[in-house]
Amino acid sequence: MSFRYRVATVFGGSGFIGRHLIKRLAKTGTIIRVATRHPSNANFLRTNGAVGQIIPIATNIHDDASVAAAVRDADIVINLIGILYESGVNTFRGTQGDAPGRIARAAKAAGVQRFVQISAIGADAGSTAEYARSKAAGEQAVLKAFPEATILRPSVVFGPEDGFFNRFGAMARISPVLPLIGGGHTKFQPVYVGDVADAIMKALENPAALGKTYELGGPRVYSFKEIMGLVLTETRRKRIMVTVPWGVAELQGKILGKLPKPLLTVDQVELLKRDNVVAPGAATLADLGVEPTAAEVIIPTYLDRFRVGGRFSQRAGGYST
């Protein structure tokens, strides 16, 4: 596959979406710099390309000079960096609000041709969740510095390495109950990680994507309760679903949020109060020429490891306890 870009810098390329994107980008022959805090953690990506094609580089997204060095002589820049909770210096504002603007300014100064910013459905400066507010701030900062940038807003992203279906699959394996926060009515439109990676590639290729924002969702909308039911179906387990009122969930978030890797935070509870689906009239995967993949097609390929007896269990029919 040929490509008109020579050098790409991908921030957060060693993460969940990044590993799928790098495979696709490498096939075009592009030289790829993976800008990351810990280059050694990105070495596994090297095997996706030819010798010397994929180069992890140490980058501090909070430092202008470090970011400028990462994007120097690049033709395209893609920012995948995002966090689900704050930890130490990794705050929502610094990581998702300020850093995207810093990267976009450096990219514009370096003469970069295309910029793609991964945001999230629900990005809103008026949201009660700091996560959503910081995503909106990041979008605004990117477009101010690089008006031609393409913004992609995925819903919950699923795939073999995801932190969503896998989390509930693991929970179903050890817990007799599954929590339905707020009654389980919040709606989601899960999007396959491979489709997100394809959308990025399409955005780089299509001039019509310049300066546009796309919302990426799968072919079906699920309630939180339906998602839990899907997890139980694929793991073949019976579990009791228990409604957790918002007030109780907020209290749990305050307690669990103090853990190094919290299962729930107050900010995440706030996010759950709002549906996470593609907005009416928004540009979508279809506008980028990507057909969305159903969750039911993909999640059986990795949730089966949470079944009784493991992935290769011969148990069939109904749920197991």
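Residue numbers for the sequence shown, in this note's numbering: 143 to 463.
A virtual CB, placed ideally from N, CA and C, is assigned to each residue, including glycine.
message: Tell me whether the stretch 218-235 and the stretch 185-193 touch, counting them as touching only if at least three CB pairs, one residue from each stretch, are closer than 8 Å.
response: Result no; under three Cβ-Cβ pairs closer than 8 Å.
query: Could you give the C-beta distance for alanine 265 and alanine 274, rounded to a whole number, given that I count them as a contact under 8 Å?
result: Yes, they are in contact, since the Cβ atoms of alanine 265 and alanine 274 sit about 6 Å apart, within 8 Å.
query: Which residues bound the beta strand (DSSP E) around valine 176?
result: Here the beta strand (DSSP E) through valine 176 covers 173-178.
- request: Take serine 462 and list the residues in its own chain whose beta-carbon comes closer than 6 Å to its own, dropping the five residues that flank it on each side.
  value: Interpretation of serine 462 is limited by its pLDDT of 41, a score under 50 that renders its predicted location unreliable; the figure taken from the coordinates is listed afterwards. Excluding sequence positions up to five before and after serine 462, its CB lies within less than 6 Å of the CB of Arg378, Arg379 and Val450, all in the same chain and listed in chain order.
task: Please go through the same chain and pick out, in chain order, the residues whose beta-carbon is closer than 6 Å to the beta-carbon of leucine 320, but skip the five residues on each side of it.
output: Within the same chain, leucine 320 has close Cβ partners Met370, Arg381 and Met383.
task: Quick one: residues in its chain with C-beta nearer than 6 Å to the C-beta of arginine 214, no 5 flanking neighbours on either side, listed in chain order?
output: Closer than 6 Å at Cβ, skipping near neighbours: Ala252.
Reference valine 152; option with closest CA among Ile174, Phe366 and Gly325: Of Ile174, Phe366 and Gly325, the residue nearest in Cα terms is Ile174.
message: Going by beta-carbon coordinates alone, are phenylalanine 310 and asparagine 418 separated by less than 7 Å?
response: Taking 7 Å as the cut-off, the Cβ atoms of phenylalanine 310 and asparagine 418 do not count as close.
Residue closest to threonine 270, alpha-carbon to alpha-carbon, out of Lys415, Asp446 and Ile441: Checked all of Lys415, Asp446 and Ile441; the closest Cα to threonine 270 is Lys415.
Close beta carbons around alanine 421, own chain, < 7 Å, minus the five adjacent residues each side: Counting only residues of its own chain and dropping the five nearest sequence neighbours on each side, alanine 421 has a CB closer than 7 Å to the CB of Glu357.
- prompt: Would the beta-carbon of glycine 360 fall within 7 Å of that of proline 332?
  reply: A distance below 7 Å separates the beta carbons of glycine 360 and proline 332.
field: Spatial distance of glycine 236 from arginine 244 (CA atoms)
entry: Taking the straight line from one Cα to the other gives about 10 Å.
field: Euclidean distance between Cα positions of alanine 287 and lysine 344
entry: Distance between the alpha carbons of alanine 287 and lysine 344: 22 Å.
field: Uninterrupted beta strand (DSSP E) stretches inside the stretch 161-231 (no shorter than 3 residues)
entry: If only complete runs of 3 or more residues are kept, the stretch 161-231 shows the beta strand (DSSP E) at 173-178, 196-200 and 218-221, in order along the chain.
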